[in-house]
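Enquirer: Have a look at this one before I ask anything.
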Amino acid sequence: MKIELQILRRENAASHPYWQHIPYECENEQLTAAYALREINEKHLPDAAGEPVRPVRWECSCMQKKCGACAMLINGVPRLACDAKLTEAVQDGIVRLEPLRKFPVIADLTVDRSIMMENLKTMQAWFEAETLADETVGALTYDASRCLQCGCCLEVCPNFYAGGTFSGAAAAVPAAGLLSALPQPQQRTFFRNYRKYFYEGCGKSLACRNICPAGIDIDRLLVHSNAAAVWKRRNAFRLRSGEQL
Ligand code: SF4
Ligand code: SF4
Ligand code: FES
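Residues are numbered in my numbering as their position in the sequence shown, beginning at 1, plus a constant of 37.
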């Protein structure tokens with residue numbers, strides 16, 4: 038199957054972006070966007086005008102949907118390139134590859150996602166001492182631990198932008214695994230940070246539903262975390278003060 042790969046190119050953060058069209062022979066239906074990018078770079082495939090293509094800068098590591106490095110927009114949808122089969126993604130013979138738009142571009146399809154780590158640090162999403170997870174939330178903790186920090190959920194989130202105080206689901210998902218397991222008083226600080234950096238900025242639109250390439254049930258985790266960090270605490274406070282619920 039012949040397709041055309043259209044890649045949004047940019048030599049560096051300061052340079053002007055342009056589309057490059059590259060004819061590509063998709064030899065079987067298992068080939069992914071990541072495979073095609075590798076082949077373009079390794080075989081120095083030409084563009085539609087027959088000119089050699091400057092090596093495309095993009096990130097990858099595992100090539101098995103395990104690291105999140107290869108997240109990009111594929112025909113407008115945030116996906117992992119190593120999970121995007123060309124024959125499934127193609128529309129009108131074209132597969133468009135663009136960098137994620139919510140992050141600063143470094144070059145071509147490579148973006149700077151360091152803000153996600155900064156947001157986890159701001160939220161203090163870590164254990165300060167060895168802790169045994171609460172078995173009653175084991176499945177939830179496991180689900181939360183599968184987050185690849187790929188950024189796909191931030192790409193579709195109407196409330197997230199790099200540099201803002203709202204951390205988005207990419208911080209709230211790992212946080213969900215910690216909420217119930219953290220010891221006091223770290224839990225109190227963490228609950229406060231969760232409310233400040235996630236709950237108060239989240240519009241509850243659930244645009245992040247069903248977008249996670251790791252298959253994490255994001256809205257289930259958010260419901261659990263919102264209950265633990267906000268509503269159960271508020272109700273407990275009101276009960277302690279003798280207020281009728
Ligand atoms: S929750 Fe899913 S989409 Fe969001 S960063 Fe983690 S792995 Fe990616
Ligand atoms: S529910 Fe909406 S605002 Fe909240 S994290 Fe998901 S996409 Fe963003
Ligand atoms: S290269 Fe690791 S998820 Fe695609």
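Cβ coordinates follow ideal geometry from the N, Cα and C atoms, glycine included. None of these values were measured; they are calculated from a predicted model.
Enumerate in chain order the residues of its own chain whose CB-to-CB distance from H58 is below 7 Å, with the five nearest sequence positions on each side excluded.
Expert: Within the same chain, H58 has close Cβ partners E41, Q43, D84, A85.
Enquirer: Measure the CB-CB distance between P211 and C194 and report whether it falls below 8 Å.
Expert: No. Outside cutoff.
Enquirer: Cβ of Q67 within 8 Å of Cβ of K122?
Expert: Closer than 8 Å, so yes.
Enquirer: May I ask whether a heavy atom of ligand 2 can be found less than 7 Å away from the beta carbon of K241?
Expert: Answer for K241: yes, Cβ within range of ligand 2.
Enquirer: So what does DSSP say about K122, is it helix, strand or coil?
Expert: K122: strand per DSSP, three-state reduction.
Enquirer: Buried or exposed, going by whether 16 or more other CB atoms sit within 10 Å of the CB of E48?
Expert: Answer is exposed; the Cβ neighbour count stays below 16.
Enquirer: Under 8 Å Cβ to Cβ from R232, same chain only, skipping five residues before and after it: list those, please.
Expert: Counting only Cβ-Cβ distances below 8 Å, and skipping sequence neighbours, we find A266, V267.
Enquirer: Specify, as a first and last residue, the run of the beta strand (DSSP E) that H58 falls within.
Expert: Counting along the chain, the beta strand (DSSP E) containing H58 begins and ends at 55-62.
Enquirer: Cβ-heavy atom distance between L259 and ligand 1 below 7 Å?
Expert: No, ligand 1 has no heavy atom inside 7 Å of this Cβ.
Enquirer: What number of angstroms, rounded off, separates the C-alpha of D180 from the C-alpha of G252?
Expert: Cα-Cα distance, rounded: 9 Å.
Enquirer: Tell me the rounded alpha-carbon separation between L157 and A144.
Expert: If you take the alpha carbons of L157 and A144, they lie about 25 Å apart.
Enquirer: Return yes when at least one heavy atom of ligand 1 lies under 7 Å from the C-beta of V148, else no.
Expert: V148: no, Cβ never under 7 Å from ligand 1.
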